[in-house]
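To keep things clear, I will list the structure first and then write my remarks on it.
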Amino acid sequence: RDPGPASAPPSPAPPFIPKARTGDAPGAEEEGEGEGPRPLRRRVRGATLRTTVGADAVPKSAPLPPADAEAVRDALDEFEAAVERAHRDSETGSHTRPVLRDDVETQQTASSPPHDQNHSPEGAEQ
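All residue numbers for the sequence shown refer to our numbering, where the first residue is 420 and numbers rise by one.
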């Protein structure tokens, strides 16, 4: 059977080429909003940032008075003395010093792999 010229293969549809944007939101003229920004249709993270419009409503804290130089020196001297006492007390020999991880050489085995802080402990779901 000869299908004839009436059943020619259909031509493919032309490719879809979108129109260039003009900067206006589609449908902005239809809604009659004019020059103002259109309202958000869904909640967007960071969309509720503080503005300067109502900045006067927030009471400003009073500036800190100038610090008393003698009081600051006394506090600093007291702190340095406490640090010095702590250093002296840690060297008394009345207790053993804690052993830091870096001071001890560890042997890695298959049953005890090293634990990195970015890895979960064994058996923890990720």
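Where is the CB? At the ideal position from N, CA and C, for every residue including glycine. Source: prediction; values computed, not measured.
Out of curiosity, what's the CA-to-CA distance linking residue i and residue j?
{"i": "E503", "j": "V491", "result": "18 Å"}
{"i": "A486", "j": "P456", "result": "48 Å"}
{"i": "S509", "j": "L495", "result": "21 Å"}
{"i": "E489", "j": "A505", "result": "24 Å"}
{"i": "A500", "j": "L483", "result": "27 Å"}
{"i": "E497", "j": "R507", "result": "15 Å"}
{"i": "A481", "j": "K438", "result": "56 Å"}
{"i": "T441", "j": "P434", "result": "22 Å"}
Where do the ends of the alpha helix (DSSP H) carrying residue i lie?
{"i": "E499", "result": "A488 to S509"}
Less than 7 Å separating the Cβ of residue i from some heavy atom of the ligand GTP?
{"i": "L483", "result": "Ligands in the displayed structure: none, and consequently the ligand GTP is not present."}
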